[in-house]
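Protein chains in written order, with this note's numbering: chain A, -17 to 291; chain B, 2 to 340; chain C, -6 to 293. Worksheet: one structure, shown below.
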Amino acid sequence: MTRYILIKILRSVFTLWIVVTAVFFVLRASGDPLLSVFSLGTPEATLDVFRVKWGIDKSMWQQYLIYVGDIFRGDFGTSFFDGRQAWDIVMERLPKTLLLGGTTFSVSVVAGVLLGALAALKHGTLWDRGIMTAAVASFSMPSYFLALLLILFFSLHLRWLPTAGASTWQHLILPAVTLGLTLAGSIARFTRSAMLEVLRQSYMRTAQAKGAPKFRQIAWHALPNAAIPTVTVIGFQLGWLIGGSVVIETVFSWPGAGRLFITAVGVRDFAVVQLFILMVASTVIVANLLVDILYGVLDPRISVTGGSK
Amino acid sequence: MSGPATPLAGKPDAARETPLLEVRDLSVVFDMPEGTVEVVDQVSLTVSAGRTLGLVGESGSGKSVTCLAALGLLAARGRVTSGEVMFNGRDLLTIDEAEMSKLRGCEVAMVFQDPMVSLNPVRTIGWQISESLFLHQGLTRDKAKKRTIELLDLVGIPNSKTRFGEYPHQFSGGMSQRAMIAMAIACEPKLLIADEPTTALDVTIQAQILELLSELKKELNMALILITHDLGVIAEAADDVAVMYAGRVVEEAPVLELFDTPLHHYTKGLLNSLPRVDRKVDRLSAIDGTAPPPQEFVSGCRFEARCDHCDDSCSGKRPSFVDIGTTRRVACLHPVVVT
Amino acid sequence: MSSQHADPDTSGKVAPARRLSLIKRWGLAGEWLVIAAMVYIVFVLFVALFGFTFQPYPHTQTDLFNQLQPPVFMGGTWEHILGTDDLGRDVLSRLIKGVQLSVLIGVIGTAIGAVLGSFLGIVAAHFRGWVEEILMMLVDVQVSLPFIIFALAVLAFVGNSLTILIIVVGIDGWERYARLARSMVLSANQRDYVLAVRSLGLGHFKIYSRHVLPNIMGTLIVQATINLPGVILLESTLSFLGLGVQPPLTSLGQILGVGRDYLILAPWIAVAPGMVIFFLTLSIAIVGDWLRDRLDPTLK
């Protein structure tokens, strides 16, 4: 098991390195970064000063080595726009993103798992059909459109909730609901199919034949089995959540890192964009790693055989 | 011996005792998308303490469904439409699910066909056996563990202390089935239903499991219902036999009499397809045709289409049972003539 | 498996040789949601292909005297059935044009992802070894970065012509096809029929094109159907954020992006394209699920 995790960690680091490298070169492929900062007609001499200052007078490979070296020293570069450390700029926005993402994630995981399990237990009934139709609808809905509809109804029509900003807890409701509905919908779907799969296994009948009451059959026999595939899927949803929050933060003017990314991308702020992508990729990779480990904890068949699926 | 207040208890002829389980005219239907199909048609069975009833028939003949229905274990689309299941003086079909849960695993227990998939993969063997003790006897953790290890010893699982903490995937098929049996007998049930307990196992293991079941039956004075499609298993382990065909019982007899003089042409056909050591058989013969699926069940004799001895009277009306002596009966208008 | 006894097999028995309507033959009886979804998809495809014939105005034609006119059912005139936008452009005409481009990008994008991913998957399964290792690593990389973030960065930095947009959108989901194709080819290569034709000396290309591909095609097509709504949503999101389709071209997401600024004054500008996208992705999802359950339950 330890060996298995060690290999996984090494692989993850390697993956992250490829992401960092690929992003570095793809972004540089777009041409001279200075062109997006300075207006045309800025004297070459001025540009050269900045080229030296930002280290972009060197060759691409030198820049890359310096960039990677700096990462190890905890230096993620400076923004071309306000000259501050990219790290500080992103960190300043991170708490709001964590607040929104954390709330959304926890609420929709709980809601999604419960609704999915309910749909499976009431298989074939109106409950099942209702929950599943709502789930399919929720992830077919463009999230930004749902956001606009919610704003239209709750903010502009009923005037219950604010449209934008992040100053009070009321500001959190609409963005969290928008993001969470989609997430809960897909989690509910996966939980349902995992649960249905488990419910038709022979060991569920064994539990019933043993005299376990209904609730015990579900909680002690079915759920631990259904959790195994569900956990994987929930882990993968984290990446989706981050992607979705970029859009939703923009629509609701939520001052988080996602909106910062959209702004930074718009003005081609290399350091900030690179750092943001690096952080997102590390988060997703770490989450997948945790899922792998959790998988081994939940499924006794894996920890003993040494891991490979 | 059997029920606590059975007046005939202790009499030597166990078959005449008040039966422990008496299934009367049980009918079960399945609600399918295409409509309702009756898979069990007025089946009656009896079994007494200390006896083994072999329930034999092809797959799809309704033998498993009969037993599952009796214990209220049918899948969601299965329904009992008529009949009684008297167990120890109570009709199991009328008591509610909570009562039933108390009964299952305690007074009536069941062992299933494929032990590898009938054990929960994420729980240890010990946990799963202890659960019965916890549910029905309220044992504490330590006591349940001690008792479980005893049970593992009883069913012949070596290294029971280590095995207690292992998971089903670490068990072989035979060992899994032993664990299933340990789970079933944990609370010393009065009735044990074993649904094809040896079908998924190697031939050598099959004999061991049957041996174990017979021993336990004697030791605990249980009634045992052994569901199988294998006449060899019946010959080895059953006292009485009920033969099912297409959702109905067609013949009932003590095991020796059945093998000696089958009365129903279906039973005879089954026996003729079996190699025998006690009798010279020129060639083994299979019964022509196949058993009908439930949607094609007719109201008359369902074996008619495959039977050489039928006439016009066979179709249309369900053949009623004819008692032969005190111990056997057959549902055929033209039973095999005993020579 | 006593569950088999408990489930009498009734699937094979359908009323013999009775002439069944198309709906019944496709197993659609009672599936009203699926039928409605199919009808809607056909309608959208029709608009995408032939919309130009009944498009009332050019989608770029402005009319500064008729800005923000409401639709007919909100008190507007029949001249602009779905109203006009901030520049007085006819919303219906823009919708028709938008559907055209959104469907085009969605379909081509999905096809690119499916072909690229499947090809890489087959290549990996064929060569095994380091080729397969590299592919699986690329899959890891792809999975580690939410696609929309990758797409936004590329479009903003590399630039966004329609071609680049289609390619970027097309890359989305390639790893799913690659994984699927790889595992299916690996198991197909073990099957007797492939071993048999191989022993007959058939070339690799012929083995794959004639024997392996036809066997895995169904699953890949179902996967493509399941991916299609995601691709359409991706394009619409990028366009909504202003990094997708650029004027004078228009797509549903782009119209919505414009409508966002007029949510109070003229909600129809945003709501109309939003509804079109929502029902389109919903319909494809419903049909995709139905197809999967019918053709390939293993994909779940």
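The beta-carbon is built from N, C-alpha and C at its ideal position, and this holds for glycine as well.
Residues that residue i contacts on chain C, provided the C-beta gap is smaller than 8 Å
i        : result
A/Trp222 : Pro139
A/Arg250 : Ala149, Phe150
A/Gly225 : Pro139, Phe140, Ile141, Ile142
Buried/exposed call for residue i, threshold 16 Cβ in 10 Å
i        : result
C/Gln183 : exposed
A/Arg141 : exposed
C/Pro207 : exposed
C/Glu168 : buried
C/Ile257 : exposed
B/Ser286 : exposed
B/Ala160 : In the sequence on display, residue 160 of chain B carries Asn and not Ala. Looking at its Cβ environment, which holds fewer than 16 other Cβ atoms inside 10 Å, B/Asn160 is exposed.
B/Arg124 : buried
C/Phe47  : exposed
A/Val2   : buried
C/Thr243 : buried
Under 9 Å from the C-beta of residue i: neighbouring residues of chain C
i        : result
A/Leu134 : Leu256, Ile257, Pro260, Ala263, Val264
A/Val213 : In chain order: nothing, as chain C lies at least about 16 Å away.
Residue i: contacting residues in chain A (beta-carbon distance under 7 Å)
i        : result
C/Arg253 : Leu130
C/Phe295 : Limits of chain C in this structure are -6 at one end and 293 at the other, which puts residue 295 of chain C out of reach.
C/Thr294 : Outside the displayed range of chain C (-6 to 293) lies residue 294 of chain C, so it cannot be described from this structure.
B/Gly106 : Ala191, Lys192, Gly193
Rounded separation between residue i and residue j - CA only
i         : j        : result
A/Ala201  : A/Arg187 : 14 Å
C/Phe58   : A/Thr150 : 42 Å
A/Trp236  : A/Leu81  : 11 Å
B/Val38   : B/Leu232 : 28 Å
B/Ser133  : B/Glu85  : 27 Å
A/Asp274  : A/Thr214 : 8 Å
B/Ser173  : B/Leu74  : 27 Å
B/Asp154  : B/Leu202 : 20 Å
B/Ala70   : B/Val81  : 7 Å
C/Leu131  : B/Gly106 : 52 Å
A/Leu(-2) : A/Gln256 : 12 Å
A/Met177  : A/Leu205 : 7 Å
B/Leu22   : B/Cys188 : 18 Å
A/Asp52   : A/Gln45  : 10 Å
B/Ala180  : B/Ile130 : 8 Å
B/Ala15   : B/Leu54  : Confidence in B/Ala15 is poor, its pLDDT being 45 and thus under 50, which makes the residue's placement too unreliable to answer from.
A/Leu161  : A/Ser90  : 9 Å
Residue nearest to residue i in terms of C-alpha spacing, selected from the options
i        : options                                : result
B/Phe304 : B/Ser28, B/Val251, B/Thr328            : B/Val251
A/Thr79  : A/Met261, A/Ile48, A/Ile38             : A/Met261
C/Ser95  : C/Val280, C/Thr274, C/Val134           : C/Thr274
B/Gly1   : A/Thr115, A/Leu138, A/Pro282, A/Phe87  : The requested residue 1 of chain B does not occur in the structure, where chain B is confined to residues 2 to 340.
C/Arg175 : C/Leu128, C/Gly152, C/Ile160, C/Phe140 : C/Leu128
B/Asn222 : B/Ala76, B/Ala195, B/Ser49             : B/Ser49
A/Phe185 : B/Pro159, B/Val112, B/Val242, B/Leu211 : Checking the sequence, you will find Tyr at residue 185 of chain A rather than Phe. Checked all of B/Pro159, B/Val112, B/Val242, B/Leu211; the closest Cα to A/Tyr185 is B/Val112.
B/Ile186 : B/Lys269, B/Leu217, B/Lys162           : B/Leu217
B/Thr200 : B/Val24, B/Thr291, B/Pro116            : B/Pro116
A/Ile224 : A/Asp110, A/Pro124, A/His139, A/Thr86  : A/Thr86
A/Pro195 : B/Val331, B/Val44, B/Glu98             : B/Glu98
C/Phe36  : C/Ile277, C/Ile248, C/Ala263           : C/Ile277
A/Gly167 : A/Val92, A/Ala209, A/Gln152, A/Ala204  : A/Val92
A/Ile155 : A/Gly98, A/Gly84, A/Ala209, A/Leu97    : A/Gly84
C/Pro266 : C/Thr230, C/Ile142, C/Ile200, C/Phe39  : C/Thr230
B/Cys315 : B/Gly127, B/Arg25, B/Pro336, B/Ile325  : B/Pro336
Within chain B, the residues that residue i reaches when beta carbons sit closer than 7 Å
i        : result
A/His139 : Residues of chain B passing the Cβ test: none, with the nearest at roughly 44 Å.
Contact list for residue i against chain A, beta-carbon separation under 9 Å
i        : result
C/Met130 : Arg(-7), Phe(-4), Thr(-3), Ile0
Chain-ordered chain A contacts of residue i [CB-CB under 8 Å]
i        : result
C/Leu145 : Val228, Phe243, Ile244, Val247
C/Val134 : Thr(-3), Ile0, Val1, Ala4
B/Ala110 : Ala191, Lys192
Where residue i meets chain F, residues with beta-carbon distance less than 9 Å
i        : result
C/Phe271 : Any reference to chain F falls outside this structure, whose protein chains are A, B and C.
Are three or more beta carbon pairs between the region 46 to 65 of chain C and the region 19 to 29 of chain C nearer than 8 Å?
-> no
Okay, do the region 221 to 232 of chain B and the region 51 to 68 of chain B touch, 3+ Cβ pairs below 8 Å being the bar?
-> yes
Just checking, does the region -7 to 9 of chain A make contact with the region 123 to 141 of chain C on the three C-beta pairs under 8 Å criterion?
-> yes
Is there contact between the region 149 to 164 of chain C and the region 90 to 109 of chain C, where contact requires at least three CB pairs shorter than 8 Å?
-> yes
Any 3 or more C-beta pairs closer than 8 Å across the region 226 to 241 of chain A and the region 103 to 113 of chain A = no
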